Each structure stands twice: as structure tokens, then as C-alpha cells.
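Enquirer:
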Amino acid sequence: MTGTTSVLGQRFVRRDGPEKVTGEARYTADLAFTGLLHAKFVYAGRAHARIVAIDTTEAARMPGVHAVLTQADAPLVRYGMFVKDRTLFAHEVVRFEAEIVAAVAADTPERAAAAAAAVRVEYEDLPAVLDVDAALSPAAPVLHPDWLDYRTQDGVLRAPNDCGHMTSVKGDVDAGFAEAELQLTETYCSDMAHAVPIEPHAVVAQWQGEKVTIWTTSQVPFPARAGVAETLQIPQSNVRIVVPHLGGGFGGKCDFHFEAHVALLARATRRPVRLVFSRREEFLATDKVRHAARIELTTGVKRDGTITARRARLLLDSGAYCGDALFATEIGLMMVAGPYRVPNLYAEVHTVYTNRTPAGSVRAPGGPQTCWAVEQHTDELARLVGLDPLEFRRRNLVRAGDTGQTGQRFVSSSAQRCLDRAAELAGWPGTDLAEGEALGVAVGWWFSLSVPSGAYLKLNPDGTGTIITGAQENGSGSVMGLALLAAEELGMRPEAFSILYQDTDAGPFDIGSAGSQTTFNNGRAVMEAAREVREKLLALAAERLEIHQRDLELVDGSVRVKGAPTRSIPLAEIAAGAQLIGSGSGTPPPLPEHDLTGCGGRLGYSAFAAPSFFCHIARVRVDRETGVVSVPEVVAVHEFGRVLNPLGAQGQVEGGVIQSVGMALLEGSQYDGGHQLNPGLLGYKLVTAPDAPTVTVDFLDDAVDQGGPHGAKAVGEPPVVGTPAAIGNAIAAATGTRVRALPMNAERVWTALHRPSAGAVTAGGEA
Amino acid sequence: MRYPLNVTVNGLRASADVEPHRSLLSVLREEIGLTGPKEGCDDSECGACMVLLDGEPVNACSYLALQTDGRAVTTVEGVAPADGLHPIQRELLAAGGVQCGFCTPGIVMSAKALLDRNPDCDEDDVRHALAGNLCRCTGYQKIIAAVLRAARQPEHGPADRP
Amino acid sequence: MSRYFAPGNAAEAAELLRTTPGARVVAGGTDLVVAARGGKHPLPEVLVALHRVPELARVRETEAGIILGALTTHTWVERSGLVRSRWSALADAAAMIGSPATRSTGTIGGNLMNASPAMDLGSPLLVLDATVELRRTGGTRALTVAELLAGPGRTTAAPDELLSSVRIPAPVPGTGSAYIRLEHRRAMEIAIVGAAAALRFDSRGEIVAARLALTAAAPVCLRVPAAEAGLLGRRLDAEALAAAGRAAVAAVRPISDVRASADYRRAMTAVVVARALTLAARRAAAGSSVPGPDHPPTATGSVQ
Ligand SMILES: Cc1cc2nc3c(=O)[nH]c(=O)nc-3n(C[C@H](O)[C@H](O)[C@H](O)COP(=O)(O)OP(=O)(O)OC[C@H]3O[C@@H](n4cnc5c(N)ncnc54)[C@H](O)[C@@H]3O)c2cc1C
Ligand code: FES
Ligand code: FES
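Residue numbers (full-length UniProt numbering), protein chains in the order written: chain A, 1 to 767; chain B, 1 to 162; chain C, 1 to 304.
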């Protein structure tokens, strides 16, 4: 190790902070361009219809209008990460209300909107399929009649109206149920929810010659570049994606979306064109929502609480297209057993087409809903056998040496320690509880996504450093935190590094801000790049100081002789006379060994690399008369391996917990026919500052280094997974009744309490 | 039809000819060139556009620009003294109250409105002062702590009093 | 082509309304401009901005009560110790509206004239026996709040009439009032249902004056005379609360929308009625007043 004191685990102020607090930070919609035109989309406005005719003549003649484009103006290319099932503009059929039918570019936003309104489209309505049951019924219209002709990623198993199904099979499930002394079947339903970054989508495209530069609010610049190249049929090298500051994403800005539409408009007009979404479009057209889900669970237990078998069926409402949904599909499947020993398992998951807004990988895709169902089911199992929820979990949680649902061996497991620590912090089972208050618990696990990544690092003549990375900063601070890793290698201060990022022409490939992978993968790349620079530094210094490299160390921005601190050379001096450049990619740790015998349709998330564990305990207060639930406190204990940037990690946990308090109690889209009823921030409610609970955060470590930089694991997604479940269990404890629909809003809680015969509230949103 | 607008923004006189329907936010961003205030919603719900009008917070996205004629507007760009940061800005940085930063300009303004009037505030006051500012990243906790710490500093006085 | 006027006095404003077809006033714009942004209604072609009319912002306190100019902001009301102690239900409502920005911009006149069934000032003003003054070129007239409110988004004011002020009589000593609304969050909410109550007791603890009004439970905020009558001459015990709740539920015509079903709203009407009556009674006993200086009722007055 270099230096005497480590910068890891210390508080540090993120490099992009000052410009953000002063308002100088530029986001995509803040950029100015000469000759800028404004884009507006024409949306279908109906759930399912055949396009009979599109007439753009009147719109194209309106003052200030430079272009009106439809699919006829774009290559007929079907794209999609897993299933190539969609086109840029609607081709013959529209399948959800905000399907893009045409796009306008005009000299003012008002004129663009007026022209968009003047595009005439004649439709013939088709029967709409609005929930997963309807979609899977044999009589259902097939929403993609040509589905068999679509190209897919290898291994995707499909059926009509099912764009991806998978199974997870372990042991002998029938034998397991035969062994059980008691069994319990339950169904849980969750509504569609949204990512809701505060910055809406924005894209600016500008061509010079053959090459287009696109400034965009993407979380995934490289996949966006590939998407533009694929759909416009141009080389990737002719597409440069730049992301200015990004105002949050939470998955809603993953995948490839609107960059190509804007690029097409810019090419047609030879002018820079800007698209900025309204909040309403953000809800309707972003087509990247958290899946509405139906989760059916049957579990067999012995009277002592040992789980013997589980059957599970998950139905995810994918909306009109598959998008990147199959992440959620497989991860949801990995969550059905929870971090428990389930020796015999049969689980299946279906990703179902409907005529709703397409779903995708919103922060921890498939996680919160499944954990919410599974952990409430766990509490019900505990009740069935008469055990305290904590004790029931202790008897079943995975331990080091156990094998998971696909046979992955756990080299360590902190599940139990997370539970114990959270119970201690929350004072389980709650001693100072007020009237109507109760605690609820949830445990869970998550993975670190192990994928290739890359970075360069150079030292500047003034002794500062620059990191050039393909990684994407979504706001979490993960890219800002890369400076810590570089500083640690080079004995410098993290503040001494500037970072060039979010420019596909500058940094090496990275999959982007998805799957909480930045520190885990790009961190390793930065360390490798820094080590190359370090070797060069030491070699040069050894020559100058006439001493063996092994006797040198890098401390406080200089190279010095160990044990003789006065014999040193400042880095600036070396860097001024030599090129100190490094590059790195780092080898991603392999997936743990596992066994997919009997499983079907699996796509690579069949084992969890560097798994992490957590336990959340929520204190809720239920107003029995109204069903209004408030959450005064959430305890969140996470094991993230080694926490490199504690302030950043706390921020991830606090923010994640509050997001999922919203998911638990407030956030859900309601539908009428094929239309969202609440596409705005008054109807779709986020948690505000006065509502936000106190979040008590604690981190545990993992004795085993599982391959991340300095033993770090993924931090971004796990914090949103457990809280809805903990709140659900707390509501049940406080009321003696269970709410089986998410969000567990006041009316649903009240209905469960006062109209129990109304039964399971139908979720999925028909108002 | 356009009407002349003369408004003091961050202590400087600004003027523009604007249509009646134009919002203060669009005039600040497009005519006056201040992109600190952001647009995050259509219904006055997010607070990313928050500015001070004669010292009181307003949602610039939904306030008619012409109604600010002859009055004083402060945006996030006008908060820091020439030689540094306003205590609210400093404490937000130190506490980790800034992640993506899109809500930050609005948060700074709502917090400033509170501290200018009531530096002796408690946690509940801060939470209610920020009720109209949605933050999706931080969970508010570090922001609230930062504002409380800023309140305890002697020099959180406004950089430019209208 | 859209036009804009910012008159300097009320007479001029009224004259503009009379002479300019399609002219509408804008006060804080928190309803009018926000609705236009959200795509609900486009902005009117002719806007008459009122913020430069000092006489509409004036507050006068007299023996008989208080007169709040139409431009009085929710922030002013919530910060006024006088309103808090005498007309507590109004202070409760003003303090729970939107955010600090909504309250410092939004006005009492705008709230009334926007006439949303979910408006928070309506029920408090009804139980406080408020009247409004409407002004047009050539004259003024006074209406009760009940007479003003005609339906969702509709009032009985003529297009050329300006709401100039709201007059609230001084309460008989010993009166306590309160406003309670049901909401999903603690801030930035619209009432699912709400209730305002004003009560006065005699020395034996029996009710001698009762007012009860409901929010978001019918096309307009409305008083519930049957419930009021039923309360007279009794103590506010559990049975009295239940009876008032039943009478209120019988009077409502709730709708089902994204916020709640009609069934839930109906059931919740009885709950907010009981809570508003209870809080009003407590204040009557304590000699009125909402505690604390700044944001009292969102935490204590709402049901959360
Ligand atoms: C985020 C947010 C939250 C809100 N929360 C609440 C809430 O909790 N409770 C609630 O009740 N309301 C709420 N509102 C609505 C609104 O803030 C209030 O109704 C406010 O009082 C309206 O006043 P204004 O001055 O802004 O009205 P404006 O928008 O200026 O006007 C509203 C209407 O009244 C007319 N008008 C205004 N003044 C006069 C006058 N003097 N004479 C004649 N006509 C006039 C206008 O022409 C227009 O039709 C909220 C609004 C927002 C944006
Ligand atoms: S943009 Fe003004 S409140 Fe959201
Ligand atoms: S920091 Fe991202 S919304 Fe607040």
C-alpha cells in the first residue's frame, strides 16, 4: 500500500459539488446553441390501434416548422436490448398511449407544439390488453403478431404476449412439500411505479458532416451510442454522446431512447435540435417504469420453522415492449427465495406484453416488489409456526457454506449479522412504541454486477491528475469517488484529480450508470491505470534518486525514500518532464460457480457476484380510522464489503430508503383504460421533506474480499429493496391485517381494516 | 404582444420585452441567461425553479414574468458572496447534501428564505420550509442537517438584500 | 393576441374588466398559471394583474371583525397571531396550503374565486360566517361565501366583478374553531376530504352555537345544517360526534377520482368531522388559539 494514511473511508467533498451549489453546473437543457430548433413528439394518445394514415402536410407548412418526420423517414430497423420488438416511430401499429408517431422540429417550442398538434393521424382502434391476466389468456389478442420473426439475444424464451420467461429449479419441489408440515399460499400485487428523476429527459443533437454529437440525459452513453448507430444505420464512430451534468436517473434514463429521433430531426434540418420533456411526458413517454407485478408464493415449512419448499410465480407487466426488462425478470426470480435456505424450489417468471407504458430496469429492477412480497410472506410463515419474525428468519437465513437457489456457494454471509445489528439499533421488538406504532423487518440480498470497464489516467505537469473514464455519474457520486481510488494508489489527495467523463469519444467503453456497477468495475479500471502511472513514476524517480524502486514510496504528492522523508521529489517535477499516462480495464471477477440444470431461459444473472446483504427495520404509525400511515424511522443496516466513501454510501442509503418509503405508501400509476390517470407530481406523490423519516444507517463489512476494489461491493441499488417490505410488515403488526397491494396507500390500509371482505385489493391500477 | 419588463435580478437591472404568458423561469433562463433555476415539472410541485421575489420564495415556473416588473428577484447565482460560498452552500457540500444537484438551486433558495427570516429555526421549521422542494436523490436528511448548521453561523446574511 | 395590464388601483382594474372582453384577473397565479402549464386551461387572452393594487392587499381590523383584502396571502394569514387566536380554522387552512412558495404567492381572493371543491379556505370561511365584497365599476355588493360558491370552478360573481375583500366577523368570546383535512402526505396536498368546525359552549358544557362545513365532499364546500342543529344543547360526547358524522355523511356527494373512491371519502367525512369538532371544542375550552408561531396545523391539524 502507498502512503501512510489511507484516503479510503474518509469524508471528502465531491469535485462537482461547488458548481452544483452555485447554479453554474450545466445540465443538458441548459446548453445554448446557435440556430437551435425545438423538437416535439406526436404521441398516439390511445392504447392500441392500427395506423390507417398519417398526414403531415398541414403541420409541415406551418410557420417556423423545419421538419416533420415519421417512421417513413427512418430506416425500418427493429431494436431492443433483449428482443428487437420496436421501431423508432410507430410502424403500422401503436401499442401504448405515448408511442411516438411523428416528430417535429420548429424554431420555437410553441411552434413545434402547434405543428405536432396539426399532424393528422387516422387510427383504427384495436382491442387493448391492459393487465397480465388478460394478456396471458388464450383468447387475448397477440400484441406483437410477428413476434416469432423478431430477433432476440441468445437464450431468450418467449411465447405469445410473453417476451421472456425463465425458471429457477432446485432440489425436488414435490418432495419438499411432502416433507412440509404446514404450507401457505399468498398473492401480492404491485402497481407500476416510476423512477422520477427531478431532471426530465433532454436531448440535443448537432451534425457536422457525417458525424453527430448528441448531448443527452442518458445514464448509459455507450449503449445510447450503439442504439443511435443501429437505428440510423451509421457507424458508431460517427456518433458521439456527451452527457453534461445528469440530474438523476434511477434507471429511468437507462437503455437507449430518444437520441436517435432528435438526431434524425437534426440531420433533416441541418440545425441543432433540442428535445426537453415536460413532466407529463416524463410519466407517459419515458417508457421506463418499474414493473407492475403479481407475485404468487406457496411455501412449505416444518413446525420448527424450517422452510422445506417453495413454489413461486411472478408475472411482470412489461407494457408494450420488452426494453431492458429481462434484467428485472431474472433478478426478480433471484429474489423469490430471498436470502434463505430453500432446499426445494420451483419458480417461474413471465414478462408480459400489455398496452401500457413499457417497463424496464428502474433502480434495483425486480427487487423492491419481490422483496416486499417475499418478506411479508416470511412474516406470515413465522406467524403460521408461532415464531417471532426475527427468530424465524434466523433459522432460515443463508450462512457461509450454504448454496443458493442456483447452487451458488456463499463464501460468506452477513445476513444474520445485518439482522442482529438492525434489531439492536431499532430496539426490536420496540419498547417505546406509541399508540398505533409497530416495527417491521425485512432482509434481503443483492449483487454486484461484474462487467468490463475502462479508464485512463494521466499526471499533469503541475502534479495534479486527470482521470478519463467511460463511466457515467448519475449523481450518486460514484464517478466522483473514483478520485479516491486513484489518490490511494498514487499517494495523492483525491482533490488533486479532475475527471473527464461522460463523453464516448474520450473514455473507454463502460456500460454506464446501471446495475450499481461503477465503483465495482470502473474502480478496478482506474486502479489499474493508476498503477501503470505509479510504476512509471517510481522508475523515473529511482533513476533520479539513484536508489532501488523498492525503497521508494508515494506520499503527499511526492516520491520519497522510505525512512528518509527529506529525500523526495514532488510529482509535479517528474510529471513536468515526462509523459505519465496509464490505462486500465481490470478483470471482472467471474460469476460464482453455479448450476442451472433444470432452469430455463436464464440470461446471466443466474448467480450473484459479490453478494451483499441488508436488513431494514421500519417503525410505522397507523391511523386506524383513516388508514394513513406515517413512518417516523427506518433503520437500514447494509453490508457492502468495504465502504470506500462513507458519506456517499450514506447518501445512497438515505436517498434509497426515502424513495422506497414513497413506493411503499404513495407511488403508483393508476390507469383508466389505456391511460395513466396521474402523470404529474401532484397525482403521483413523492415523499416530501416533512414526511421523510429519520434514517439510521449502519454498515457492516465482509471478512472475505469478493473481488471489488479494496473489497467494495455495489452500493446504489440495494437501499431501495428492503424498505417497502419492512413497512408492510410493520403495518401488519400494527393493524393485525395485511395489505397485499403496493403502494399500501391510506385507502388500501383502511379497506384492509374496515372492509376485509373487499378482499385483496386489485392492484395493477384499474381505478 | 410584448411588454417591457424591468426587473432587478441578483442586484443588477435587467430588461426584456416579453409576452404576457411567459413565465419568470423562461425569462430568467432564456432572456437573462441564468440557468441556475431549473424546470422539473408542470405543476409547481418540484421546486427546482425556486427563486426569491422581494425576499419571499416563488415558483418561477408558474409566476408571470411581467408581474415581477419593478421588483427584485434573487436566483441561486446571486446567493454567494464574491469571494466564496453562502453558508447554506458550504454546508450542503460538507454534509453531502448534493448528489445530482438538480434540486440544489431550489433548495438553496427555499433555505435562504427561511434563514433570512428565521435564523433561529429548528428541524421542523427546516422540513416545512423545504416542503415544496422535491429531492429524489438524498432523502433530505443531509440537506436538513446542512441547513440547520448554516443557521447556526453568524454570517448567513443575504448577499444582496432587495 | 394576448394582452396584459397591471392597474394601480381597484377602480381601474374593475374598469378594465368591464371594457375588455375576455379579461381575467390574475393575483398570485398559483391556480391560473399552474393550470395553464399543466395543460388544463390555456391562459386567458387578456390578463389583468392585481399585484399593484395596494387597496386590495390591505387588512383592516375593526371592532366588528377583520377585513382581509383579496390579495392577502396565505403566508400573511398563517403568520398573523390575531387570525390564529380568533379565527383559528382559517389559520389552520392557510398554513397547510402547498409550500411556503405557494403560500407567499397564493391569495385568499384567488382561492375563493378559483372555487375548487377542494379549496381549503372555503369551509373555514363558511363556519366563520365570512362575507365577501364584490366590486364592479359603479358599485359593490356583499355576499356570503355560500352565496359566492356556485359549483366546481364556478362562482356567482359576474365576469366584470372583482373580489375586493373578505370580511370575517369577530367571534363571540368562547368560540373555538378548527379545520382538519385528510391527506396522504404532510405537505403539497389537496384535501381528500376536509371539515371545519366552530363551536361555543355554555357554562354547563353544552353547545350553544355550532357550525360545520365540509371540503372536497361535494361540488362546493358546504355547511351541514342538520349536523349543526343536532349538536345544539348537547355535550360533545362520542354520541354527539357520531351523530354529527352521520348527518355530514348524509349531506355529501363525493366523487371517485385518482385521490380516493367515493366510498372512502364518505367514510372519511365522519372522521374529519369528529376531529374538527373535537379540536374546535378543545380550543373553545382553552380560550381559542393555534399554538406555535409558524407552521402549526399541518402537523397537528391534519390527521397524520
Ligand atoms: C403547489 C400548489 C399547492 C396548492 N395547495 C393548495 C392547498 O393545499 N389548498 C388550496 O386550497 N389550494 C391550494 N393550491 C391552489 C392555490 O394556491 C390557491 O387556491 C391560491 O389561494 C390561489 O390564489 P392565487 O392568488 O394564486 O390565484 P390566481 O391563480 O391568481 O387566481 C385564481 C382564480 O381566481 C381569480 N381571481 C383571483 N383573484 C381574484 C379577485 N380578487 N377577484 C376576482 N377573481 C380573482 C382568477 O381570475 C382565477 O380564475 C395550491 C396550488 C399549488 C400550485
Ligand atoms: S419547475 Fe417550478 S415547481 Fe417544478
Ligand atoms: S440531489 Fe438529485 S434531486 Fe436532489
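No residue lacks a Cβ here, since even glycine has one placed at the ideal position from N, Cα and C.
Predicted, not measured: the structure shown is a model, and the values here were computed from it.
Taking only heavy atoms of ligand 5 into account, decide whether any of them is closer than 7 Å to the Cβ of residue 24 (chain C).
Expert: Here the bound small molecules are ligand 1, ligand 2 and ligand 3; ligand 5 is not part of this structure.
Enquirer: Going by CA-CA distance only, name the one from A:312, A:423 and A:83 that's closest to residue 347 (chain A).
Expert: Nearest option by C-alpha distance: A:312.
Enquirer: If we cut at 8 Å on Cβ distances, does residue 145 (chain B) have a partner in chain A?
Expert: no
Enquirer: Nearer than 7 Å: is that true of the beta carbon of residue 48 (chain B) relative to any heavy atom of ligand 2?
Expert: yes
Enquirer: Does the beta carbon of residue 21 (chain C) come closer than 8 Å to any beta carbon on chain B?
Expert: no
Enquirer: Tell me, please, which residues DSSP counts as bridged to residue 310 (chain A).
Expert: As DSSP reads the structure, residue 310 (chain A) sits in a beta bridge with A:299 and A:345.
Enquirer: With a threshold of 8 Å on Cβ separation, who are the neighbours of residue 187 (chain A) within its own chain once the five nearest residues in sequence on each side are excluded?
Expert: 294, 295, 296, 297, 740 and 760
Enquirer: Need the endpoints of the beta strand (DSSP E) that residue 553 (chain A) sits in, please.
Expert: 552–555
Enquirer: List, from N- to C-terminal side, the beta strand (DSSP E) runs of 3 residues or more that fit wholly inside the region 76–125 of chain A.
Expert: Fully enclosed beta strand (DSSP E) runs of 3 or longer: 100–106 and 120–125.
Enquirer: Please indicate yes or no: does the CB of residue 138 (chain B) lie closer than 7 Å to some heavy atom of ligand 3?
Expert: yes
Enquirer: Could you check whether residue 540 (chain A) and residue 486 (chain A) sit closer than 8 Å to each other, using their CB atoms as the reference points?
Expert: no
Enquirer: Does DSSP classify residue 501 (chain A) as helix, strand or coil?
Expert: coil
Enquirer: Output yes if chain C places a C-beta closer than 8 Å to the C-beta of residue 140 (chain B); else output no.
Expert: no
Enquirer: Is any non-hydrogen atom of ligand 2 found closer than 7 Å to the C-beta of residue 163 (chain A), if you look at the structure I gave you?
Expert: no
Enquirer: Report yes if the C-beta of residue 20 (chain C) is less than 7 Å from at least one heavy atom of ligand 1; otherwise report no.
Expert: For ligand 1, not one heavy atom lies less than 7 Å from the Cβ of residue 20 (chain C).
Enquirer: From A:570, A:162, A:440 and A:215, pick the residue whose C-alpha is nearest to that of residue 321 (chain A); which is it?
Expert: Checking every option, the nearest Cα to that of residue 321 (chain A) belongs to A:162.
Enquirer: For a quick check, are the C-beta atoms of residue 129 (chain A) and residue 474 (chain A) less than 8 Å apart?
Expert: Against a cut-off of 8 Å, the Cβ pair of residue 474 (chain A) and residue 129 (chain A) comes out as no contact.
Enquirer: Report buried or exposed for residue 15 (chain A), applying the criterion of at least 16 other Cβ atoms within 10 angstroms of its Cβ.
Expert: buried
Enquirer: Using only CA atoms, which one of C:258, C:193 and C:204 lies nearest to residue 248 (chain C)?
Expert: Nearest of C:258, C:193 and C:204 to residue 248 (chain C), Cα basis: C:193.
Enquirer: With hydrogens ignored, establish whether the beta-carbon of residue 53 (chain B) is closer than 7 Å to any heavy atom of ligand 1.
Expert: no
Enquirer: Which term fits residue 757 (chain A), buried or exposed, when burial requires 16 or more other beta carbons within 10 angstroms of its beta carbon?
Expert: exposed
Enquirer: Could you compute how far the alpha carbon of residue 159 (chain B) sits from the alpha carbon of residue 101 (chain C)?
Expert: No answer about residue 159 (chain B) holds up, because its pLDDT of 44 lies below 50 and its placement is not dependable.
Enquirer: Using the rule of at least 16 other Cβ atoms within 10 Å of the residue's Cβ for burial, across every protein chain shown, is residue 295 (chain C) buried or exposed?
Expert: Its pLDDT being 38, under 50, residue 295 (chain C) is placed unreliably in this model, and the value from its coordinates should be taken loosely. The residue in question, residue 295 (chain C), is buried, as its Cβ has 16 or more Cβ neighbours within 10 Å.
Enquirer: Beta carbons nearer than 8 Å to chain B: which residues of the region 33–51 of chain C have them?
Expert: Taking 8 Å as the cut-off between beta carbons, the residues of the region 33–51 of chain C near chain B are 33, 34, 36, 37, 38, 39, 43, 47, 49 and 51, in sequence order.
Enquirer: Tell me whether the beta-carbon of residue 248 (chain A) lies closer than 8 Å to the beta-carbon of residue 199 (chain A).
Expert: yes
Enquirer: For residue 632 (chain A), go through chain C and note every residue whose CB falls closer than 8 Å to its CB, in chain order.
Expert: The contacting residues do not exist; residue 632 (chain A) stays about 11 Å from chain C at best.
Enquirer: What do you reckon, are the CB atoms on residue 216 (chain C) and residue 245 (chain C) nearer than 8 Å?
Expert: For residue 216 (chain C) and residue 245 (chain C), no; Cβs fall outside 8 Å.
Enquirer: With 8 Å as the threshold, decide whether the Cβ of residue 308 (chain C) is near any Cβ in chain A.
Expert: Residue 308 (chain C) lies beyond the residue range present for chain C, which begins at 1 and ends at 304; the question has no answer from this structure.
Enquirer: Can you check whether the C-beta of residue 834 (chain A) is within less than 8 Å of a C-beta belonging to chain B?
Expert: There is simply no residue 834 (chain A) to check, as chain A begins at 1 and stops at 767 in what is shown.
Enquirer: Please report whether the beta-carbon of residue 77 (chain B) lies at a distance below 8 Å from any beta-carbon of chain A.
Expert: yes
Enquirer: Between which two residues does the alpha helix (DSSP H) carrying residue 371 (chain A) extend?
Expert: 367–385
Enquirer: Look at the alpha carbon of residue 135 (chain C) and the alpha carbon of residue 162 (chain C), and state the distance between them as a whole number of angstroms.
Expert: 5 Å
Enquirer: Would the region 61–80 of chain B count as touching the region 23–37 of chain C if we require 3 or more Cβ pairs under 8 Å?
Expert: yes
Enquirer: Go to residue 166 (chain A), then tell me how far its beta strand (DSSP E) extends in each direction, as first and last residue.
Expert: Here the beta strand (DSSP E) through residue 166 (chain A) covers 162–170.
Enquirer: If you compare alpha carbons, which of C:186, C:36 and C:243 is closest to residue 47 (chain C)?
Expert: C:36
Enquirer: Using a beta-carbon distance cut-off of less than 7 Å, what residues from the region 105–128 of chain B approach chain A?
Expert: 105, 108, 127 and 128
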